[in-house]
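Structure record follows, encoded as structure tokens.
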């Protein structure tokens with residue numbers, strides 16, 4: 009039996025100067041996370057890929073979060089319309 013191919017998600021991005029952002033709550037702290045991309049999957053699930061500064065020493069890491077999810081809250085929206093992009097590499101699930 010052949011493996012079933014997964015449908016590629018619709019990927020939408022906004023320019024670096026006008027990205028929406030989420031607050032990511034964890035370990036008793038709230039971290040600001042700009043949204044790099046929103047992925048709308050064929051199964052009606054939404055995934056957000058964000059840039060998250062975990063600490064001053066480690067710098068910024070990229071994480072993916074399913075929406076909705078406890079611990080995620082909108083920080084602010086964007087003023088521009090998103091553009092479609094090719095799927096980007098998978099990030100570490102968060």
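Numbering (my numbering), first residue to last: 9 to 102. Every residue, glycine too, gets a C-beta built ideally from N, C-alpha and C.
Report the option in 15, 69, 36 and 88 whose CA atom is closest to the CA atom of residue 58.
As a working mapping, residue 58 is identified with position 50 in the chain shown. Minimum Cα distance to residue 58 is reached at 69.
Which residue marks the beginning of the beta strand (DSSP E) containing residue 94, and which one marks its end?
Within the chain shown, numbered from 1, the residue matching residue 94 stands at position 86. From DSSP, residue 94 is part of no beta strand (DSSP E); its letter is neither H nor E.
Outcome for residue 50 when other beta-carbon atoms lying within 10 angstroms are tallied against a minimum of 16:
As a position in the chain shown, residue 50 is number 42, starting the count at 1. Label assigned to residue 50: exposed.
Can you check whether the CB of residue 20 is closer than 8 Å to the CB of residue 45?
Residue mapping note: residue 45 aligns to position 37 of the chain shown, counting from 1. Residue mapping note: residue 20 aligns to position 12 of the chain shown, counting from 1. Cβ atoms of residue 45 and residue 20: closer than 8 Å.
Report buried or exposed for residue 64, applying the criterion of at least 16 other Cβ atoms within 10 angstroms of its Cβ.
Position 56 of the chain shown holds residue 64. Residue 64 comes out exposed.
Would a C-beta distance cut-off of 8 Å place residue 5 and residue 79 closer than the cut-off?
It is not possible to answer for residue 5, since the shown part of the chain is limited to 9 through 102.
If you check the beta carbons only, do residue 41 and residue 29 fall under 8 Å apart?
Position 33 of the chain shown, counted from the start, is the residue given in the question as residue 41. Position 21 of the chain shown, counted from the start, is the residue given in the question as residue 29. Yes.
Coarse secondary structure for residue 15, derived from DSSP in three states:
Indexing the chain shown from 1 puts residue 15 at position 7. Three-state DSSP puts residue 15 in coil, outside helix and strand.
Which first and last residues belong to the beta strand (DSSP E) in which residue 84 is found?
Start at 1 with the first residue of the chain shown, and residue 84 comes out as number 76. From DSSP, the beta strand (DSSP E) with residue 84 extends over 80–84.
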